[in-house]
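Working notes for the structure below.
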Ligand SMILES: [Zn+2]
């Protein structure tokens, strides 16, 4: 079972890091080196951390992307709940979208209360493919994104019965565009729980969910 988004290099992730097949995203210059200990890593600057980065860091990021073969760029994106300068967030996000275009790599996107702007920017970079991890947008946005060929990542939030809107989105989203993830959680059993809920919501077998989600990750991230 492939974990499409797991911060294995964070502290206290030992239990989950064991035997995990995962895409390990970086959040900024502080872990660009650490994530490279894992076979499948992505390099990028998280929207929460843009103010701690400079143009020089962006140039260095591009250098690492060129030399070190990440499977993706990210995580990058926009977060409008946090009080972080919007213009700076937009600059770092669009810079990383341009790198994705230039190096033909998928993007791992963090979008919180910003999905509309993310879609607007993705339309300006039509060649870029990727995923919205921890998807929290609307049903209409989910449909729009999957029609654009984007994958949607879902984690433990869908196991909460109260997340009715999100669970409805999972139910309606074609399985061919779904990825499963544990993000920054440290419990290795959660990935299976997420897959189980998808199987229940779609009334299909767990095996089918796991097989298709694995294939989705293999296709998007070009895993060998
Ligand atoms: Zn993350």
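Numbering (the working numbering), first residue to last: 112 to 335.
Using N, Cα and C, we set each Cβ at its ideal position, and we do this for glycine too.
- In summary, residue 158 is buried, with 16 or more beta-carbon neighbours lying within 10 Å of its beta-carbon over all protein chains present.
- About 18 Å separates the Cβ atoms of residue 253 and residue 217, ruling out a contact at the 8 Å cut-off.
- Positions of the beta strand (DSSP E) runs, each at least 3 residues long and wholly inside the region 247-289, are given as 262-265 in order along the chain.
- In this structure, DSSP gives residue 327 a helical state, which the three-state scheme calls helix.
- Excluding residues up to 5 positions away in sequence, 123, 124, 126, 127 lie with their Cβ nearer than 7 Å to the Cβ of residue 297 in the same chain.
- Proximity of the beta carbon of residue 186 to ligand 1 is indicated: a heavy atom of the ligand is located closer than 7 Å.
- Residue 202 is not a Cβ neighbour of residue 220, given a cutoff of 8 Å.
- In its chain, beyond the 5 residues on either side, 280 have a beta carbon closer than 6 Å to the beta carbon of residue 250.
- About 11 Å separates the beta carbon of residue 306 from that of residue 113, a gap too long to meet the 8 Å contact definition.
- Taking 7 Å as the cut-off, one finds no heavy atom of ligand 1 near enough to the beta carbon of residue 122.
- Here residue 286 is not near residue 314, since their CB atoms are 8 Å or more apart.
- Counting along the chain, no alpha helix (DSSP H) covers residue 121, and no H or E run does either.
- With a cutoff of 8 Å on beta-carbon distance, residue 225 and residue 191 are scored as near each other.
- Remark: the C-beta of residue 294 is in contact range of ligand 1, defined as less than 7 Å to any heavy atom.
- In chain order, 310 place their CB closer than 8 Å to the CB of residue 316, counting only its own chain and leaving out the 5 sequence neighbours on each side.
- Relative to ligand 1, the nearest heavy atom lies less than 7 Å away from the CB of residue 136.
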